[in-house]
Amino acid sequence: MNNPNKCKWCKSNNISIINQAISKYKKNIYNFYYCHDCEIKFAFTKAKKNKIDYQKIQINHFGYINHNADNKWIKSMFDCKDQNFSIKQMYDFLSTKTMDQRYIGAIDISQNAFIKKKKLEILEVGCNLGYVGALFIRQNHNYLGIDIQKKAINSAKKNYGNKNYINIKLENLHQKIKKKKFDLICSFEVIEHLEDPLNFILEIKKYLKKDGQILLTTPNGNFIPKDKWFSDRPPIHFSLFKEKTFKYLEKNNFKVKFLNNFRLSSNIFYSRKLFLNFNPKTIPSTDPENKNFIYSYKLEKRYYRKNFNLQRLVILIKTSLSFISSFFNISPFATELVISLKKTSNKS
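Structural data, given as C-alpha cells:
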C-alpha cells in the first residue's frame with residue numbers, strides 16, 4: 000500500500016501520517032498512519048513492495064516456537080485411542096495449560112456443543128498447523144481449516160486428516176464449498192496481517208449462517224499511544240486495532256461484543272518499550288538476512304535474561320489489572336482483543 004489519503008477501515012479522510020520509520024524489509028521502509036475516527040493504525044510503504052517470504056520470517060519468529068511445541072503435544076493426544084480422554088486432555092491444554100489462550104472463546108463453544116451432542120459446522124481461516132482444529136475434529140464437528148501456507152497445510156493434513164484442511168485463499172473458497180454456511184467461523188491472529196482487513200471481514204460474513212458467530216483475535220491496541228507501534232513490525236503486521244475500531248462494524252450489520260477473558264502473557268520486548276522507553280538506533284528489520292532482524296529467538300532470549308525482574312513486575316501488574324477489569328467487566332490490559340461478531344440482519 001502506497002501513501003494513503005483515506006482510512007482502509009472506515010474510509011475516513013481524518014488520518015495522520017506518522018513520519019517515523021518503524022521497520023525495513025529489503026528495500027521497503029514502512030511508516031504508518033493513525034485514523035482519528037476509528038483509531039486504527041495501518042502500515043504502508045512508499046516504495047514498490049517486494050514479495051514477502053513469510054515462511055522464512057515465521058521460522059525465525061520467537062512466537063512460532065511455542066506453536067510448534069503446542070502442536071506436538073496436541074498431536075500426541077489426538078492419536079490417543081480413548082476419544083473421551085483425548086478430548087478432555089486437548090481441551091484442558093488449550094484452555095488452561097498453554098500460554099497461548101486466544102482460542103478459549105471458540106473451544107468453549109465447541110465443547111458446550113459437544114456435551115449437548117450437537118454437531119457444528121466450523122470454519123477456521125488461517126489455521127496454520129491445524130492443532131486447534133484437531134480438537135474440533137475429535138469432538139465430531141464438521142471442521143474445515145484453510146491457510147495460504149502450503150507447508151503448514153501439508154503438516155496439518157499429515158497429522159489430523161486430509162479432508163479437513165485446504166491450502167487456498169479465502170476469496171477462492173467458494174470454488175470448493177459452493178454455498179455452504181457455518182455456525183462458527185474463527186480466525187486467530189490473522190486480520191492484522193492483511194492489507195485489506197475490512198474486505199476480509201465482509202468476505203467471511205458470506206459464509207456465516209443467520210444465527211452463526213465469527214470469533215476473531217488480534218493484538219490489543221487499546222493502551223498504545225497513537226504515535227507508537229508496539230506490535231510485530233510490517234510486513235508481518237499491517238494493522239493495530241482498538242475496540243473502537245471494531246465498533247465501526249456495526250455499520251456493516253454486525254453485532255459486536257468483546258470477550259474479556261484473562262490474558263496474562265507478557266512479551267519482554269514490548270515491556271522494555273513501555274517501561275524504559277527503549278528506542279533502537281536503527282530501523283528494525285523483518286528481513287531474516289538483515290543484521291537488524293528483530294524477530295530472532297536468540298535476541299529475544301538475551302532481552303529476557305537481562306530483564307527477568309522487570310518481566311516479573313510487568314506480569315504482576317497485568318495480572319492485577321486483569322482481575323480488576325474482569326470484576327468491572329471492562330476491557331482488560333491484555334495482549335489480545337477477542338471479538339465476537341454476529342449478523343444483525345439477513346443481508347450477506
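The letter at position 212 of the sequence shown is residue 211 when you use numbering that gives the first Met the number 0, and the numbering goes up by one with no holes. The beta-carbon is built from N, C-alpha and C at its ideal position, and this holds for glycine as well. Keep in mind it's a predicted model, so treat the numbers as computed, not measured.
- Since residue 43 sits in a beta bridge, which residues does DSSP pair it with? 30
- Could you spell out where the beta strand (DSSP E) holding residue 365 opens and where it closes? The structure shown does not extend to residue 365, since the chain spans only 0 to 347, so no value can be given for it.
- Item | Buried versus exposed, by CB contacts within 10 Å (16 or more), residue 212 | buried
- Item | Where residue 62 sits in the DSSP three-state scheme | helix
- Message: Does residue 343 pass the burial test, meaning 16 or more other C-beta atoms within 10 Å, or should it be called exposed?
- Response: That one is exposed.
- residue 97, DSSP secondary structure in three states: coil
- Could you check which residue in 339, 293, 316 and 315 has the C-alpha nearest to that of residue 62? 293
- Query: So, residue 7 versus residue 197, is the Cβ gap smaller than 8 Å?
  - Reply: yes
- Based on Cα-Cα distance, which residue from 69, 188 and 284 lies nearest to residue 123? 188
- Task: Look at the Cβ atom of residue 59, then the Cβ atom of residue 44, and state whether they are nearer than 8 Å.
- Result: no
- Message: So, with DSSP's three-state summary, where would you put residue 102?
- Response: In this structure, residue 102 counts as coil in the three-state DSSP scheme.
- Message: Determine whether the beta carbon atoms of residue 208 and residue 181 lie at a separation below 8 Å.
- Response: It is a contact, given that the beta carbons lie within the stated cut-off.
- Message: Quick check on DSSP: helix, strand or coil for residue 143?
- Response: strand
- Item | For residue 12, three-class secondary structure by DSSP | coil
- Which of the three DSSP states, helix, strand or coil, is assigned to residue 276? Summary for residue 276: the model assigns pLDDT 49, below 50, so the residue's position carries little reliability; its value from the coordinates is reported in the next sentence. Looking at residue 276 - three-state DSSP - the assignment turns out to be coil, as it is neither helix nor strand.
- Query: Straight-line CA distance for residue 285 to residue 86?
  - Reply: 38 Å
- Message: The beta strand (DSSP E) that contains residue 218, what's its start and end?
- Response: Counting along the chain, the unbroken beta strand (DSSP E) around residue 218 starts and ends at 207-218.
- What separation, rounded to the nearest whole angstrom, lies between the Cα atoms of residue 150 and residue 323? 42 Å
- Using a Cβ-Cβ cut-off of 6 Å (strictly less than) and excluding sequence neighbours within five positions of residue 131, which residues of its own chain qualify? Contacts found: 102.
- Query: If you drop the 5 nearest sequence neighbours on each side, which residues of the same chain put their C-beta closer than 8 Å to that of residue 94?
  - Reply: 100, 102, 103, 106 and 107
- Are the Cβ atoms of residue 241 and residue 220 separated by less than 8 Å? yes
- Task: Since I believe residue 256 is in contact with residue 339 (beta carbons under 8 Å), could you give me their beta-carbon distance rounded to a whole number of angstroms?
- Result: 4 Å
- DSSP on residue 172, reduced to helix/strand/coil? coil
- Query: Is the CB-CB distance between residue 4 and residue 12 below 8 Å?
  - Reply: yes
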